[in-house]
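Numbering (the working numbering), first residue to last: 708 to 1061.
Glycine included, each C-beta is placed from N, C-alpha and C at the ideal position.
Written as structure tokens, this is what we have:
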């Protein structure tokens, strides 16, 4: 009965119709017509397989990650053989509820709601009209997978600073600038310019304009951008310029200056089929470990520095300035993360008691 239900290629539709496409066949066909980056498409396919595997209750073990046990291939074959009619509105709704129900506390529940929404959106992207219209040879169920799906309410993404950036930067100067100069440079670029990990990884000295005191974030032969809106000229203060000049001069005097600001492997980083490859990954790992030891307990400590800059710019210059510095596509994105309060709205009620 299970084979009949989840292997539609083994049965035909009513009145000689083509069988419903399987998960694997659809992913294979969608990849050929999709215009998204390879790493992005891979995340879409992973999300679809994740939901399908959960609905099939495919047992997962560490073997599926083993390079010699063929666990990943066996797991994928089981999931890819399922028919897309498995993803009915009722089934997807059951998956949503079960996914969030596994949370052990309110904080984890909110996180799972966000993760659930993201997973469904990525999987649903494989059935967008701009994809479906180019795959007429495969039959989809009616309604389409994820049609009419509901999403959990957007969880608050407000950033609340839990670190002292000034104290943290001073500690980095004392502990990293001489012993781990690459990690110190990465920290400067994240905290002073708000660069993302991938932007730091691909940043070249030619993108640093010492005279105009800015960094040009743009696509180069060494790396791309998160989106077209990420391209911009990011201003940096004169003291950061002086620090970067010093490192650049030091590297030139040692005759080891490469094109990249942050040293790493000789390979070029960027998006790969199975995700993003970071040329300076070892540097990021060392900096992340150092930040965690200093009390930065966020899931992504390096990205926390970018958020800290956003909070600082918002407090001093307002939400629109922060949106430009962080290069968000829309100011509403910035507003969801930061409160535009240039002054503390405090009434000194406590003084009444004195």
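- A contact between stretches requires three or more CB pairs, one per stretch, nearer than 8 Å, and the stretch 722–733 meets this requirement with the stretch 785–796.
- Residue 923: member of the beta strand (DSSP E) spanning 921–924, first to last residue.
- The beta carbon of residue 1008 lies closer than 7 Å to those of 995, 998 and 999 in the same chain, with the five residues before and after it left out.
- From the listed residues 750, 840 and 820, the smallest Cα separation to residue 861 is found for 820.
- Counting every other CB atom within 10 Å of its CB across the protein chains shown gives residue 852 a total of 16 or more, marking it as buried.
- In the three-state scheme derived from DSSP, where H, G and I count as helix and E and B as strand, residue 743 is classed as coil.
- Contact check for residue 893 against residue 990 passes: the beta carbons are separated by less than 8 Å.
- Residue 987 and residue 1002 do not touch by the CB rule: their CB atoms are close to 24 Å apart, not below 8 Å.
- The DSSP-derived three-state label of residue 1038 is helix.
- Here residue 907 carries a helix assignment [DSSP, helix/strand/coil].
- In this structure, DSSP gives residue 843 a state outside helix and strand, which the three-state scheme calls coil.
- Two segments are said to touch when three or more pairs of C-beta atoms, one from each, lie closer than 8 Å; by this definition the stretch 798–808 does not touch the stretch 735–755.
- In the DSSP assignment, residue 941 falls within the unbroken beta strand (DSSP E) covering 939–942.
- Comparing C-alpha distances from residue 801 to each of 815, 913 and 823 shows the shortest one belongs to 823.
- In the three-state reduction of the DSSP assignment, residue 727 falls in the strand class.
- In this structure, the beta-carbon distance from residue 1011 to residue 1005 falls below 8 Å.
- Residue 915 is bridged by DSSP to 922.
- Spanning the alpha carbons of residue 843 and residue 1035 requires a straight line of approximately 37 Å.
- Between residue 969 and residue 910, the C-beta gap is smaller than 8 Å, which places the two residues in contact.
- Taking the C-beta atoms as reference points, residue 915 is found nearer than 8 Å to residue 951.
- Short of 7 Å from the beta carbon of residue 900, and not among the five residues preceding or following it, lie these beta carbons of its own chain, in chain order: 922, 941 and 943.
- Per DSSP, residue 891 is one residue of the alpha helix (DSSP H) stretching across 888–900.
- For residue 868, the number of other beta carbons within 10 angstroms of its own is below 16, and it is reported as exposed.
- Setting aside the 5 residues that flank it on each side, residue 798 is surrounded in the same chain by 762, each with a C-beta closer than 7 Å to its C-beta; the list follows chain order.
- Here residue 867 carries a coil assignment [DSSP, helix/strand/coil].
- In the three-state reduction of the DSSP assignment, residue 967 falls in the strand class.
- The criterion of a C-beta distance shorter than 8 Å is not satisfied by residue 859 and residue 1044.
- By the Cβ-count criterion, residue 1013 is buried, with 16 or more other Cβ atoms from all chains shown falling within 10 Å of its own Cβ.
- The beta carbon of residue 796 lies closer than 6 Å to those of 855 in the same chain, with the five residues before and after it left out.
- Nearest neighbour of residue 739 by Cα position, chosen from 841, 864, 945 and 1031, turns out to be 841.
- The DSSP assignment places 977–979 and 982–984 as complete runs of the beta strand (DSSP E) inside the stretch 973–1033, in order along the chain (cut-off: 3 residues).
- One thing to note: residue 830 has its Cβ no nearer than 8 Å to the Cβ of residue 737.
- Burial is judged here by how many other beta carbons sit within 10 angstroms of a residue's own beta carbon; residue 1054 has fewer than 16 and is exposed.
- Residue 1057 sits in a helix when the DSSP states are folded into three classes.
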